[in-house]
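So the structure is just underneath, and the comments pick up after that.
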Amino acid sequence: MNLIWAAAGAVIGLPAGTVLRGDVARLSVRSGEPEETSCRECATALLERPGLRCEHCGCWIGAAMAIELASAAVLALLLARIGFQPAAAAFAYLGVLGVALTQIDVAVQRLPDRLTLPAYPALIILLGLAAVPGGTWGAFVRALLGGLALGAAYLLLGLLSSGQLGGGDIKLAGLLGLVLGWLGWRTLIAGASLGFVMAAAVSLALLAGRRISRKSMISFGPYMLSGALLAVLASKW
Ligand SMILES: [Zn+2]
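With our numbering, you'll find the sequence shown wraps up at 785, consecutive numbering, no jumps.
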């Protein structure tokens with residue numbers, strides 16, 4: 549644990565969260581519904597990159613500080629573990645995006661293409677750039693294969709599970725496969741399995757407490773993301 553890098557992560561995470569706040573507010577709508585373009589309280593149109601609060605009535609756009617604090621915590625953990633390494637940018641990018649995806653998935657059970665699809669070229673470029681200084685092209689090729697493998701595995705599970713895993717989960721799996729694959733096949737398998745284990749544990753606890761029924765749909769994205777985060781933190785850097 550490197551305290552200076554942890555502090556740097558927290559400092560970068562706060563504004564990074566604010567940058568994504570508008571996307572989270574706009575995309576936190578049910579599948580098929582139009583994007584939210586106005587303030588929930590006063591219906592004033594949202595700016596393209598709104599700040600923390602509505603320009604007109606001053607109410608919070610989305611949950612107060614949640615995305616900033618969560619991004620700061622995730623980046624602090626990631627940078628403390630990774631430190632000054634070329635791949636840090638790719639992991640930090642997906643870390644912050646993962647916070648936004650988690651908020652949207654918890655709110656409306658979807659992982660919007662608007663956030664997941666542009667992350668493919670972005671991550672591939674960031675990992676490609678990270679491979680240049682150390683010539684770690686083996687890791688880069690493994691990242692590409694990891695993305696393909698985890699995306700394909702989720703596609704297969706999605707087809708077999710008749711709707712329990714959605715298209716958003718499959719697209720997120722490909723992204724997680726890219727970064728986990730960079731670290732190695734064992735990390736990829738660990739990260740993917742941890743997501744399932746945590747989802748199963750929480751679902752069983754909720755079922756036991758009668759908070760959900762066997763037919764309830766749960767948001768799987770947050771478990772996939774937390775499983776991957778744990779595996780990245782536990783991996784050898
Ligand atoms: Zn307002």
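Backbone N, C-alpha and C fix where the C-beta goes; we use that ideal spot for every residue, glycine too. Bear in mind the structure is a predicted one, so any value in this text is a computation, not a measurement.
Check, Outcome
"Mapping the DSSP letters down to three states, classify residue 608 as helix, strand or coil.", "strand"
"Got a sec? Which residues, its chain only, sit under 8 Å from residue 585 by beta carbon, not counting five neighbours each side?", "574, 593, 594"
"When we look at the beta-carbon of residue 730 and count the other beta-carbons within 10 Å, is it buried (16 or more) or exposed?", "buried"
"Please return the same chain residues whose Cβ sits closer than 6 Å to the Cβ of residue 659, not counting the five positions on each side in sequence.", "649, 653, 716, 720, 769"
"Nearest to residue 732 by CA position, among 604, 581, 692, 641, is which residue?", "692"
"Would you list, in sequence order, the uninterrupted alpha helix (DSSP H) runs of no fewer than 4 residues that lie entirely inside the segment 617-704?", "636-656, 661-682"
"Would a C-beta distance cut-off of 8 Å place residue 616 and residue 565 closer than the cut-off?", "yes"
"Near residue 751, which residues of its chain fall below 8 Å by C-beta distance, leaving aside the five closest residues on each side in sequence?", "760, 766"
"CB-CB under 6 Å to residue 655, same chain, minus the five flanking residues each way: which ones, in chain order?", "576"
"Roughly how many angstroms lie between the CA atoms of residue 639 and residue 611, to the nearest whole one?", "25 Å"
"Considering only C-alpha positions, which residue in the set 683, 634, 627, 632 is nearest to residue 643?", "627"
"Hey, could you find the ends of the alpha helix (DSSP H) residue 714 is sitting in?", "Here residue 714 belongs to no alpha helix (DSSP H), and DSSP marks it neither H nor E."
"Give a single yes or no on whether residue 592 has its beta carbon closer than 7 Å to a heavy atom of ligand 1.", "yes"
"Could you check the C-alpha separation between residue 775 and residue 688 for me, to the nearest Å?", "21 Å"
"Tell me the rounded alpha-carbon separation between residue 739 and residue 746.", "11 Å"
"Helix, strand or coil for residue 593, going by three-state DSSP, please let me know.", "strand"
"Quick check: does the Cβ of residue 584 come within less than 7 Å of any heavy atom belonging to ligand 1?", "no"
"For ligand 1, any of its heavy atoms closer than 7 Å to the Cβ of residue 581?", "no"
"Take residue 661 as the anchor and find which of 631, 700, 609, 580 has the nearest alpha-carbon.", "580"
"Within the same chain, show all residues whose beta-carbon is closer than 8 Å to that of residue 554, passing over the 5 residues directly before and after it, in chain order.", "624, 625, 627, 628"
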